[in-house]
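**Student:** Residue numbers for the sequence shown follow the UniProt record's numbering, so the first one is 1 and each next one is one higher.
Note that the Cβ used here is the ideal one computed from N, Cα and C, for glycine as well.
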Amino acid sequence: MKLNVTTYIVGFLFLICSCSSESTDSDNPSRPADGEENNGDEGNNQDPIVLPEVKTLDIGELLISYAEFKGELISEGDSPVIEIGFVISTEEGATIESNFSRHPIPEEASDNFSLIVYDIPADINFYLRAYALNADGVGYGNDIAFKTLEDNAFEGNVHLDTQEKVVNFGEMGITTINGNLTITGTVTDLSPLSSLERVRSAIDIISTSELKTLHGLDNLTHTGYLTQSPLRIISNSGLESLQGLNGLVNAAGGIMIGSIDSLVDLKGLDSLQKVEGKSNLSLYISNCASLNSLEGLNNLESVRDLHIAVNPLLSDISALANLANIENSLTIHSCPSLVDLNGIQSITRLTEISILNNDGITNLKGLENIDEVQTVVISDNEILTDVTALGGIGQLESLVFSRNDTMVDFQGLERITFVSTLSIEDNSILESFAGLENLEEVNELYVNRNPIIKNFNGLEGLKRISNNNSLKSILGIFSNPELISLEGLGNLASLEGDLTITNNGNLSNFCALDLLFDSNGPGREIVIEDNNFNPSPEEMSTGTCSQ
């Protein structure tokens with residue numbers, strides 16, 4: 001386990017009860033019984049068992065909202081360590097079987113490891129102990145004593161809509177709100193809230209007219225960790241800066257920033273490292289009329305979803321250079337000043353990419369290191385000409401190119417061999433399918449309303465349109481007015497589903513489908529109509545394929 005120093009952040013709700021010392025842990029049947037820490041087996045001639053050796057280090061940061069536990073793996077013993085972590089108890093000598101709570105590191109740990117644990121009960125004396133488990137048993141570190149901080153908690157939701165209410169609430173010295181916090185109305189200054197360290201549910205800063213900064217929330221380090229409720233900063237007409245959120249490290253419920261016309265950057269979020277959240281609302285930045293960069297997100301490392309939309313002056317996303325993980329989706333929508341996606345080169349895999357309605361984007365630079373993605377939607381980008389940055393992708397569930405008015409072909413996508421659903425629609429000067437020569441198989445292929453496409457040159461590698469895992473299977477070619485022939489589809493030998501070719505006014509040559517019809521034709525419905533020539537299945541089977 002010779003890796004770099006790693007810190008793991010785990011949200012955990014402590015239960016105010018101790019595990020019985022008689023409980024067992026079925027996940028680790030090979031370890032010694034509770035309290036067995038000796039490294040030998042006396043009374044026989046076997047070699048002594050060597051268990052892992054660990055050391056518990058002093059507590060790192062300790063706040064009301066969380067504590068940082070630290071440990072060191074000195075040796076693995078006779079076999080590799082399979083679990084490493086911490087146990088705490090109100091008495092010395094906690095084990096993985098008898099403890100107040102147990103906190104395994106969620107992934108492989110380094111020799112120096114740490115764990116951030118939330119929601120520790122206040123004002124209690126605890127003992128911390130590191131442990132490491134291998135096939136022979138468990139080794140424990142020394143006990144470290146610590147006492148959690150006192151907490152001044154407010155039970156219920158807090159609604160502050162005047163400065164007087166902010167001042168009055170601040171005088172209470174509240175450190176924790178066990179509910180929602182809403183700030184709205186004529187509030188001008190949040191500095192009376194400086195004692196506040198955690199809000200267990202949602203934080204809404206919405207529709208304020210005079211609030212200029214968020215100073216006063218400086219001690220908030222983690223939000224939404226209990227209920228995955230978001231931090232929403234929306235429609236604050238006077239807000240000029242996010243300064244005041246400088247302590248925020250993790251937003252477990254997501255962050256929504258929207259409709260703030262005076263905001264020019266995101267400075268104030270400089271400590272933010274991770275944003276989680278539900279659905280597609282993880283980190284959502286939208287409708288900020290003056291936003292020109294994402295400065296302030298320079299330390300962001302991981303998000304569940306990143307959605308950047310309708311920010312007319314945003315021209316630079318290079319502040320995302322440290323972003324190494326997008327767990328789910330990336331959406332960039334209606335940002336006309338953005339010319340490329342430079343800044344997200346550290347991303348190699350995610351679930352979905354949507355680049356929509358960005359009138360200034362000419363290329364997709366920034367996506368060149370992505371080699372694993374399920375869905376890519378490139379739509380309504382008026383001057384996009386170059387998609388070579390997608391060249392690392394080999395297989396997709398869905399690939400959509402639509403209404404990209406300056407795309408002429410698909411050069412750069414030569415690695416793609418399989419797409420479940422390929423949709424190419426409404427691309428006004430698309431001339432060919434060059435770049436897709438290595439595409440061998442799809443489940444669904446739609447080519448619709450591409451006004452100057454004349455044939456299917458570039459799809460010579462396509463051999464199968466399959467019905468994989470009972471999904472829909474179709475070749476649909478609709479309303480391409482200049483389409484003359486199906487040349488380029490000559491190697492298509494199998495279509496398990498439907499063939500629909502309609503409303504292509506100049507299409508008169510279907511001979512590229514000879515191999516398909518010689519191989520028993522499409523497996524299901526055939527609809528060929530409203531073209532210049534409309535051969536029947538019988539005509540296709542007998543070679544009457546053109547006019």
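(1) Does the region 85 to 95 come close enough to the region 167 to 186 that 3 or more CB-CB pairs lie under 8 Å?
(2) From Pro230 to Asp161, what distance separates their C-alpha atoms?
(3) Three or more beta-carbon pairs under 8 Å between the region 507 to 520 and the region 528 to 541, yes or no?
(4) Three-state secondary structure (DSSP) at Met256?
(5) Is Pro230 helix, strand or coil by DSSP?
(6) When you compare the region 465 to 478 with the region 490 to 506, are there three or more beta-carbon pairs, one atom per stretch, that lie closer than 8 Å?
(7) Are there 16 or more other CB atoms within 10 angstroms of the CB of Glu97, so buried, or fewer, so exposed?
(8) In this structure, does DSSP put Asn531 in helix, strand or coil?
(9) What three-state label does DSSP hand Thr56 in the structure shown?
(10) Which residues in the same chain have their Cβ closer than 8 Å to the Cβ of Leu211, if we skip the five residues on either side of it in sequence?
(11) Between the region 289 to 297 and the region 347 to 354, are three or more C-beta pairs nearer than 8 Å?
(12) Select from Arg449, Ile116, Lys278 the residue whose C-alpha is nearest the C-alpha of Glu482.
(13) How many angstroms separate the CA atom of Ser26 from the CA atom of Gly85?
(14) On a Cα-Cα basis, can you pick out the residue from Ser337, Val138, Asn491, Asn250 that is closest to Ala289?
(15) Since Val408 contacts Leu439 with CB under 8 Å, what's their CB separation in whole angstroms?
(16) Taking the beta strand (DSSP E) that Glu397 belongs to, which residues open and close that run?
(17) Check each candidate in Leu291, Ile255, Asn292 and name the one with the smallest Cα separation from Leu306.
(18) Whole-angstrom Cβ separation of Cys335 and Asn311, contact assumed at under 8 Å?
(19) Under 8 Å, do Gly179 and Gly216 count as touching if we go by C-beta distance?
(20) Whole-angstrom Cβ separation of Leu220 and Leu196, contact assumed at under 8 Å?
(21) When the Cα atoms are used, what is the spatial distance from Ile120 to Gly268?
(22) In this structure, how does DSSP classify Asn469 when only helix, strand and coil are distinguished?
(23) Quick one: what's got a C-beta closer than 7 Å to Pro537's C-beta in the same chain, skipping five residues either side?
(24) Counting only runs of 3+ residues fully inside the region 457 to 522, write out the beta strand (DSSP E) ranges in chain order.
(25) Give me the residue from Ile144, Thr148, Val117, Val158 with the minimum Cα distance to Asp123.
(26) In whole angstroms, give me the CA-to-CA distance for Glu68 and Leu115.
(27) Starting from Phe86, trace the beta strand (DSSP E) both ways and give me its first and last residue.
(28) With the cut-off set at 8 Å, would you say Ile393 and Thr362 are in Cβ contact?
(29) For Glu460 versus Gly488, is the C-beta spacing smaller than 8 Å?
(30) Below 6 Å CB to CB, which residues in the same chain sit around Gly258 once its five sequence neighbours on both sides are set aside?
(31) Kindly indicate which three-state DSSP category Glu437 falls into: helix, strand or coil?
(32) In the DSSP assignment, what residue or residues form a beta bridge with Pro104?
(33) At the level of alpha carbons, what is the spacing between Gly360 and Ile424?
(34) Does DSSP put Val167 in a helix, in a strand, or in coil?
(35) Drop a sphere of 10 angstroms on the beta-carbon of Ser379, count the other beta-carbons inside from all chains shown, and report buried for 16 or more, exposed for fewer.
(36) Please state the DSSP three-state secondary structure of Thr421.
**Tutor:** The structure says:
(1) No: fewer than three Cβ pairs fall under 8 Å.
(2) As a first step, residue 230 is located in the sequence shown; it is residue number 230 there, counting from the start. As a first step, residue 161 is located in the sequence shown; it is residue number 161 there, counting from the start. So the alpha carbons of these two residues sit roughly 19 Å apart.
(3) yes
(4) Working through the sequence shown from its first residue, we reach residue 256 at position 256. Strand at Met256.
(5) The count along the sequence shown starts at 1 and reaches residue 230 at position 230. Reduced to three states, the DSSP call for Pro230 is coil.
(6) yes
(7) As a working note, residue 97 is residue 97 in the sequence shown. So Glu97 counts as buried.
(8) Within the sequence shown, numbered from 1, the residue matching residue 531 stands at position 531. If DSSP states are grouped into helix, strand and coil, Asn531 belongs with coil.
(9) For the purposes of this step, residue 56 is taken as the residue at position 56 of the sequence shown. Residue state, collapsed to three classes: strand.
(10) Here residue 211 is taken as the residue at index 211 of the sequence shown, counted from 1. Result list for Leu211: Ile183, Val187, Thr188, Asp189, Leu190, Ile205, Asn236, Gly238, Leu239, in chain order.
(11) no
(12) On the sequence shown, residue 482 is found 482 positions in, with the first residue counted as 1. When each option's Cα is compared against that of Glu482, the closest is Arg449.
(13) Mapped onto the sequence shown, residue 26 falls at position 26. Mapped onto the sequence shown, residue 85 falls at position 85. At Ser26, the pLDDT of 36 sits below 50, so the modelled position is not reliable and the matter cannot be decided from this model.
(14) Start at 1 with the first residue of the sequence shown, and residue 289 comes out as number 289. Among Ser337, Val138, Asn491, Asn250, the Cα nearest to that of Ala289 is on Ser337.
(15) For the purposes of this step, residue 408 is taken as residue 408 along the sequence shown, with counting starting at 1. For the purposes of this step, residue 439 is taken as residue 439 along the sequence shown, with counting starting at 1. So it is not a contact: roughly 18 Å between Cβ atoms.
(16) As a first step, residue 397 must be located in the sequence shown, where it is residue number 397. Run containing Glu397: 395 to 402, per the beta strand (DSSP E) assignment.
(17) Sequence index remark: in the sequence shown, residue 306 carries index 306 (1-based). Minimum Cα distance to Leu306 is reached at Ile255.
(18) The residue given as residue 335 occupies position 335 in the sequence shown. The residue given as residue 311 occupies position 311 in the sequence shown. Contact flag correct, Cβ pair sits at about 5 Å.
(19) As a first step, residue 179 is located in the sequence shown; it is residue number 179 there, counting from the start. As a first step, residue 216 is located in the sequence shown; it is residue number 216 there, counting from the start. Not closer than 8 Å, so no.
(20) Working through the sequence shown from its first residue, we reach residue 220 at position 220. Working through the sequence shown from its first residue, we reach residue 196 at position 196. About 7 Å separates the CB atoms of Leu220 and Leu196; that is less than 8 Å, so the two are in contact.
(21) The residue labelled residue 120 in the question sits at position 120 within the sequence shown. The residue labelled residue 268 in the question sits at position 268 within the sequence shown. Taking the straight line from one Cα to the other gives about 27 Å.
(22) By one-based count along the sequence shown, residue 469 stands at place 469. Asn469 falls in the helix class under three-state DSSP.
(23) Counting from one through the sequence shown, the residue named residue 537 turns up at place 537. If we look at Pro537 and ignore the five residues flanking it on each side, its Cβ neighbours are Gly521, Ile526.
(24) Every beta strand (DSSP E) stretch that sits fully inside the region 457 to 522 and reaches 3 residues is listed by chain position as 474 to 478, 498 to 502.
(25) Here residue 123 is taken as the residue at index 123 of the sequence shown, counted from 1. That would be Thr148, whose Cα lies nearest to the Cα of Asp123.
(26) Locating residue 68 in the sequence shown gives position 68, where the first residue counts as 1. Locating residue 115 in the sequence shown gives position 115, where the first residue counts as 1. Cα to Cα, the separation comes out at about 6 Å.
(27) Taking the first residue of the sequence shown as 1, we reach residue 86 at position 86. Its beta strand (DSSP E) spans residues 83 to 89.
(28) One-based indexing of the sequence shown puts residue 393 at position 393. One-based indexing of the sequence shown puts residue 362 at position 362. In this structure, Ile393 keeps its C-beta atom at 8 Å or more from the C-beta atom of Thr362.
(29) Translated into the one-based positions of the sequence shown, residue 460 becomes position 460. Translated into the one-based positions of the sequence shown, residue 488 becomes position 488. Yes.
(30) Along the sequence shown, read from residue 1 onward, the residue named residue 258 stands at position 258. Ile234, Ser286, Asn287, listed in sequence order.
(31) Within the sequence shown, residue 437 is the residue found at index 437, counting from 1. Three-state DSSP puts Glu437 in coil, outside helix and strand.
(32) Counted from its first residue, the sequence shown places residue 104 at position 104. Its beta-bridge partners are Gly85.
(33) For the purposes of this step, residue 360 is taken as residue 360 along the sequence shown, with counting starting at 1. For the purposes of this step, residue 424 is taken as residue 424 along the sequence shown, with counting starting at 1. One C-alpha to the other measures close to 21 Å.
(34) Mapped onto the sequence shown, residue 167 falls at position 167. Reduced to three states, the DSSP call for Val167 is helix.
(35) Within the sequence shown, numbered from 1, the residue matching residue 379 stands at position 379. Flag for Ser379 reads buried.
(36) Taking the sequence shown and counting its residues from 1, the one referred to as residue 421 is at position 421. Thr421: strand per DSSP, three-state reduction.
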